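To start, the structure itself, in structure tokens.
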Amino acid sequence: MATSVHIPILERLSIFPSLPSASMYVFFGLLLTIFVFRESLKWKRPRSMMSRIPSSSSTISSLSATLNSDKEDKPLPLRSLFIYPVIISISNYVVLGFLNIAFNALLPLFMSMPLNIGGLNFPPSTIGYIMGSYGAATGIFQFFFFSKIIRYLGERRVFLNGMMTLPIMFALFPIMSLVAKNYGINFIIWIAIALISILSILLDMSYGAIFMYITASAPNRSSLGATNGLSQTSVSIARAIGPAMSTSLFSLSVQEQWLGGYAVFAFFGCLSILGLLIAVRLPADMWEEEEEEYDENDD
């Protein structure tokens, strides 16, 4: 007869069943970083290198040029990163991250809420299938088509197309709610959910596009780490605020019946439109290409 082992501390940890899957994901990411990623920065040369230079004039001149170029490419202080290309690129990344995570926080909450207060009253299993299908579709689509779409449309169009999906997706919330209240869960609801999944795939491609802009906006190669660090710090703050703000506004909208309970969707829809005003500030070409054209015109 089989006996079960009871571990009191594990019984109090409701999150424990999720730990193995989460740990495997992190471990796989660590292996991928170690064996696949390569270092983008050059190794630092020792200061004593000049003492080992041969007495050839050509060797001295070429090495001096190399050292001078390394000196010009040294990491810049943080205040030097606050230039127009960096600010615009990071601002768009922050807006994208904030609105996307606000939407992702609202979607499962909206689907689980009862019909009489504006939700869809889906069981957790249905919500899980929807979110899982969307995640799988996003990964497969980007793996096979992202690079082709970037080459065909360009980074700016891909980013703008993704940002333009946000007002549409926020507008679909009250439409689904009204249909569900009046007619129940019918084919219109499922068409809207399928449309949200398709638009979310386009939205997720915006991340790849804006990462390219952020990388190209760095003042020099040695400042790539600081530029990316600044962008990740900024978007982390936005991602911490987004879910708390969206879910709180959702509760207040329903409780106080602001705009019939749909004020939260109107608010984030307006923010999405304002975000497009920042998105259009991105250049059609990458920052480096734009600077090269500017230098050629000056010459």
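Those letters in the sequence shown? Residues 1 to 299, per UniProt numbering, in order. Virtual Cβ for every residue (Gly too), placed ideally from N, Cα, C. Keep in mind that this is a model prediction, so the values were computed, not measured.
Closest by C-alpha distance to residue i, when choosing among the options
i	options	result
residue 135	199, 229, 227	199
residue 223	33, 74, 137, 36	74
residue 179	238, 239, 116, 245	116
residue 130	95, 203, 161, 195	195
residue 94	239, 162, 133	239
residue 259	145, 151, 174, 80	174
residue 79	226, 236, 251	226
residue 228	33, 30, 35, 81	81
residue 244	77, 137, 104, 168	104
residue 162	248, 270, 249, 92	92
residue 172	262, 34, 76, 152	262
residue 181	127, 34, 111	111
residue 197	277, 126, 133, 124	133
Whole-number beta carbon distance between residue j and residue i, since they are thought to touch under 8 Å
i	j	result
residue 90	residue 234	6 Å
residue 149	residue 205	7 Å
residue 99	residue 211	Not quite, the Cβ-Cβ distance comes to about 17 Å (not below 8 Å), so this is no contact.
residue 351	residue 242	Residue 351 cannot be examined here, being either before or after the span of the chain that is shown, 1 to 299.
residue 256	residue 209	Actually they do not touch by this definition, with Cβ atoms about 38 Å apart.
residue 301	residue 160	Given that the chain is displayed from residue 1 to residue 299, the structure contains no residue 301 and the question cannot be resolved.
residue 106	residue 246	5 Å
residue 265	residue 170	5 Å
residue 273	residue 167	6 Å
residue 207	residue 109	Not really, about 23 Å apart at Cβ, beyond 8 Å.
Buried/exposed call for residue i, threshold 16 Cβ in 10 Å
i	result
residue 69	The pLDDT assigned to residue 69 is 49, lower than 50, so where the model puts this residue is not dependable, and the model offers no usable value.
residue 165	buried
residue 201	buried
residue 287	buried
residue 251	exposed
residue 158	buried
residue 230	buried
residue 31	exposed
residue 118	buried
residue 177	buried
residue 191	exposed
residue 213	buried
residue 140	exposed
residue 128	exposed
residue 193	buried
residue 51	Any answer about residue 51 is weak, because its pLDDT of 48 lies below 50 and its placement is not dependable; what the coordinates show is given next. Exposed is the call here.
As an exercise, report each continuous alpha helix (DSSP H) stretch of at least 4 residues that is fully enclosed by the segment 164-223, in chain order.
Listed in chain order, they are 187-217.
At least three beta-carbon pairs within less than 8 Å, the segment 176-190 to the segment 280-288:
The segment 176-190, when compared against the segment 280-288, does not touch it at the 8 Å Cβ threshold.
Could you tell me whether the segment 215-228 touches the segment 81-89, using the rule of 3 or more Cβ pairs below 8 Å?
With the cut-off at 8 Å, the segment 215-228 and the segment 81-89 touch.
Counting only runs of 3+ residues fully inside the segment 95-135, write out the beta strand (DSSP E) ranges in chain order.
Fully enclosed beta strand (DSSP E) runs of 3 or longer: not present.
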